[in-house]
Amino acid sequence: MMFNQPKVSLLIATRNGEQYLSRALESVLAQTYPNKEIIIIDDASQDRTYQIMQTYAQKYPSIIHIARNAINQSVTKTANLLLERANGVYAGRLDDDDYYIDPQKIEKQVQFLESHPEYGLVGTFCKLLFEDGQCALKKTVWSDAALRRKIYQGTNPFINSTVLFRTQAARDSGGFDTRLATTQDLELFLKIGKERKFAVLPIVTTVYTVRTQTVSGKRRRRQAIDMISVLRKHHKNYANFYHVWSIRLTKIIVRQLAVSFLPRAFVMQWKYRKSLEKRNTA
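My numbering applies: residue 2 is where the sequence shown begins, and numbers increase by one.
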């Protein structure tokens with residue numbers, strides 16, 4: 002029976018997410034993989050987010066488990082609280098404004114990880130949803146070596162909400178680094194990658210919402226600085242995937258900081274301009 006398959010924990014940290022949360026939850030509930038749990042922590046929302054969570058938890062008590070921070074704890078601390086509560090062999094974080102569009106997403110990723118024990122995590126392709134209703138297809142490389150090379154070219158090839166990882170590997174690595182204000186997920190993935198391989202399935206499973214209004218220029222510069230810090234911290238473990246590190250790092254610093262001063266929507270839509278499409282085709 003499928004219920005003999007390993008449990009999967011879907012982890013959602015939310016704050017003031019009343020506009021999007023139901024969409025995310027419905028997309029997880031629609032997954033064909035039955036042996037799953039959804040753990041949601043409300044990080045001290047000031048809107049109806051927690052009431053929405055309560056409604057779903059009452060309707061699906063065997064699947065959905067909820068908690069609430071009395072005061073705002075930050076995304077990273079809340080992510081660690083979620084990881085502590087996960088009962089699954091595998092786990093994945095889903096941002097409250099993202100959602101799955103392939104009902105077999107989890108099933109396909111579990112099959113991959115069960116068949117390839119040397120891999121620590123697996124992501125997928127996704128669609129980017131912009132605030133003007135347009136979508137763009139985000140593809141990336143998918144082999145372990147190519148993914149590592151991409152990271153050390155200064156690009157994060159993973160969309161967090163697509164990734165399924167081994168829960169124990171994440172815990173053994175120390176979880177999410179609370180010293181980081183951003184890029185916590187990539188830093189965790191790099192720690193997992195010290196012992197296991199990376200993969201991306203070349204299928205579109207998830208919609209990632211590009212919210213430009215909530216990401217200030219200051220935060221984007223913080224993201225650039227954190228990205229550089231993470232790469233410096235872990236580069237010795239990825240020595241085969243960079244060349245002349247000091248020169249490479251200088252190029253990454255210049256590019257990341259320069260881009261951080263441009264409007265996020267402009268950067269993203271320019272980068273994916275060849276694959277932009279209207280939302281009704283998503």
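Glycine is no exception: its CB is placed at the ideal position from the N, C-alpha and C atoms. Please read these numbers as outputs of a predicted model, since none were measured by experiment.
- Do Gln224 and Thr184 have their CB atoms nearer than 8 Å? With respect to Thr184, Gln224 sits close: the two C-beta atoms are nearer than 8 Å.
- Beta-carbon spacing of Ala92, Phe166 below 8 Å: The answer is yes: Cβ separation under 8 Å.
- Looking only at DSSP bridge pairs, what is Ser10 linked to? Bridge pairing for Ser10: Glu38 and Ala92 [DSSP].
- Item | Val142 - containing alpha helix (DSSP H), residue span | No alpha helix (DSSP H) holds Val142; DSSP gives it neither H nor E.
- Task: Report back the beta-carbon spacing between Phe126 and Val29 to the nearest angstrom; my notes put them in contact at under 8 Å.
- Result: About 19 Å separates the beta carbon of Phe126 from that of Val29, a gap too long to meet the 8 Å contact definition.
- Query: Count the other CB atoms within 10 Å of the CB of Ile1; is the residue buried (16 or more) or exposed (fewer)?
  - Reply: As shown, the chain starts at 2 and ends at 283. That puts residue 1 outside it, with no answer to give.
- Message: Beta-carbon within less than 6 Å of Ser46's beta-carbon, same chain only, minus the 5 sequence neighbours each way: which residues are those?
- Response: Answer for Ser46: Arg16 and Asn17, listed in chain order.
- Task: Using three-state DSSP, classify Ala200 as helix, strand or coil.
- Result: If DSSP states are grouped into helix, strand and coil, Ala200 belongs with the strands.
- Query: Quick one: complete beta strand (DSSP E) runs, 3+ long, within the stretch 53–132?
  - Reply: Segments of the beta strand (DSSP E) lying fully in the stretch 53–132: 65–69, 91–94 and 120–130.
- Is it true that the CB of Ile39 sits closer than 8 Å to the CB of Ile65? For Ile65 and Ile39, yes; Cβs fall inside 8 Å.
- On the three-state DSSP scale, how would you describe Tyr239? DSSP, read as helix, strand or coil, puts Tyr239 in helix.
- Exposure of Thr77, with buried meaning 16 or more beta-carbon neighbours within 10 Å: Buried, since its Cβ has 16 or more Cβ neighbours within 10 Å.
- Message: I'd like the span of the alpha helix (DSSP H) that includes Leu181, first residue to last.
- Response: For Leu181, there is no enclosing alpha helix (DSSP H), since its DSSP letter is neither H nor E.
- Message: Within 8 Å, do at least three Cβ pairs link the stretch 98–112 to the stretch 6–14?
- Response: Cβ pair count under 8 Å is three or more, so yes.
- Start and end residues, beta strand (DSSP E) containing Arg167: First-last of the beta strand (DSSP E) with Arg167: Leu165 to Arg167.
- Among the residues of its own chain, which have a CB less than 6 Å from the CB of Asn157, if the five just before and after it don't count? If the five residues before and after Asn157 are omitted, its C-beta is found closer than 6 Å to the C-beta atoms of Leu187, all from its own chain and listed in chain order.
- Query: Looking at C-alpha atoms only, which residue of Arg197, Val231, Lys37 and His236 is the closest neighbour of Pro118?
  - Reply: The option with the nearest alpha carbon to Pro118 is Arg197.
- Would you list the one or two residues that DSSP bridges to Thr207? Paired residue(s): Tyr101 and Cys127.
- In whole angstroms, what separates the C-alpha of Glu115 from that of Ala171? The C-alpha of Glu115 lies about 17 Å from the C-alpha of Ala171.
- Message: Please state the DSSP three-state secondary structure of Thr15.
- Response: When DSSP states are grouped into helix, strand and coil, Thr15 belongs to the strand group.
- What residue range is occupied by the uninterrupted alpha helix (DSSP H) comprising Arg49? Counting along the chain, Arg49 sits inside no alpha helix (DSSP H), nor does DSSP assign it H or E at all.
- Considering only C-alpha positions, which residue in the set Tyr34, Thr33 and Arg24 is nearest to Ile334? Coverage of the chain is limited to positions 2 through 283, which leaves residue 334 absent and any answer about it impossible.
- Item | Where the alpha helix (DSSP H) containing Arg24 begins and where it ends | That run of the alpha helix (DSSP H) goes Leu22 to Leu30.
- Message: I need the straight-line Cα distance from Thr33 to Ile160, nearest angstrom please.
- Response: Cα to Cα, the separation comes out at about 22 Å.
- Query: Between Asp44 and Gln20, is the Cβ-Cβ spacing less than 8 Å?
  - Reply: The answer is no: Cβ separation not under 8 Å.
- Message: For Ala200, which residues in the same chain have their Cβ closer than 6 Å to its Cβ, ignoring the five residues on either side in sequence?
- Response: If the five residues before and after Ala200 are omitted, its C-beta is found closer than 6 Å to the C-beta atoms of Tyr120 and Val123, all from its own chain and listed in chain order.
- Item | Per-residue burial, Asp96 [other beta carbons within 10 Å of its own, 16 or more giving buried] | Flag for Asp96 reads buried.
- Query: When the Cα atoms are used, what is the spatial distance from Arg212 to Phe131?
  - Reply: Arg212 and Phe131: Cα-Cα distance of roughly 7 Å.
- Might you give, ordered along the chain, the residues of its own chain that have their beta carbon closer than 8 Å to the beta carbon of Glu27, omitting 5 neighbours on each side? Counting only Cβ-Cβ distances below 8 Å, and skipping sequence neighbours, we find Tyr100.
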